[in-house]
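Quick notes on the structure that follows.
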Amino acid sequence: VRTEGTRTILLFEIKDDHSPIQRAEFSRDGQRWRGIFPKDGIADSKDEQYELPLDADMMERGVILRASDSMNNVATTHVDPPRKK
């Protein structure tokens, strides 16, 4: 996580040992999901790098990340907001 002005940038990696990453998404509330593209522009390998810029209000409570692979396995995690200095 890094901060640039009023934006928070989440840098993360998604790996799968057995099948290519198919999709990554984020949500603020777990109800509405928005797609994220990897840094190389297409999710097609077992190891993908992501950079997700978020406005400050989006990170007040953190965000939920969800990823799925080509075998339809799904993993979800919550990213807490950065600690205030």
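When we follow the numbering used here, the leftmost residue of the sequence shown carries the number 1, and every step to the right adds one. Idealized CB from N, CA, C, for every residue including glycine. The structure displayed is predicted, hence computed values, not measured ones.
Worksheet item: With distances taken from CA atoms, which of R23, I36 and E13 is nearest M71?
Response: The shortest C-alpha separation from M71 is found at R23.
Worksheet item: Between which two residues does the beta strand (DSSP E) carrying F26 extend?
Response: In the DSSP assignment, F26 falls within the beta strand (DSSP E) that extends over I21 to S27.
Worksheet item: Between which two residues does the beta strand (DSSP E) containing S68 stretch?
Response: Residues V63 to D69.
Worksheet item: Bridge partners of E51, per DSSP?
Response: Answer by DSSP bridge pairing, in chain order: L11.
Discussion item. Quick check: the Cα distance between G62 and D29, rounded to an integer number of angstroms?
Written reply: A direct Cα-to-Cα measurement between G62 and D29 gives close to 9 Å.
Discussion item. According to DSSP, simplified to helix, strand and coil, what is A56?
Written reply: Here A56 sits in helix by DSSP.
Discussion item. If you reduce the DSSP assignment to three classes, tell me which class R2 lands in.
Written reply: Reduced to three states, the DSSP call for R2 is strand.
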